[in-house]
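Worksheet for the structure shown next.
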Amino acid sequence: MVEELSKDFTNISKQLEDGIRVAGDAGDDVSEYMFISMQTSVDKHNWMLLSYLGK
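Note that full-length UniProt numbering numbers the sequence shown so that position 8 is 8, with each residue one more than the last.
Structure below.
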């Protein structure tokens, strides 16, 4: 179950990366920063899950 959650977080992070790129290309700094903040949080939680799994 934890491994599946980690995979989901990885997918969310990739989607946020796309959002960061699109917002940056559009010159929308506010949305870009929002996506960066969200991705940072998702990546941190995913790191904790992977650590729990010993990966």
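The beta-carbon is built from N, C-alpha and C at its ideal position, and this holds for glycine as well.
Measure the Cβ-Cβ separation of residue i and residue j and say whether it is below 8 Å.
i	j	result
Leu49	Ser13	no
Ile20	Glu3	no
Residue i to residue j, Cα distance in whole Å?
i	j	result
Asn11	Ser41	14 Å
Tyr52	Gln39	20 Å
Asp29	Val22	11 Å
Glu17	Asp8	14 Å
Met34	Asn46	18 Å
Asp43	Ser37	10 Å
What three-state label does DSSP hand residue i in the structure shown?
i	result
Met1	coil
Item to check | Runs of alpha helix (DSSP H) wholly within the UniProt domain "Ferritin/DPS" (1-55) (minimum 4 residues, chain order) | outcome: Listed in chain order, they are 2-25 and 29-53.
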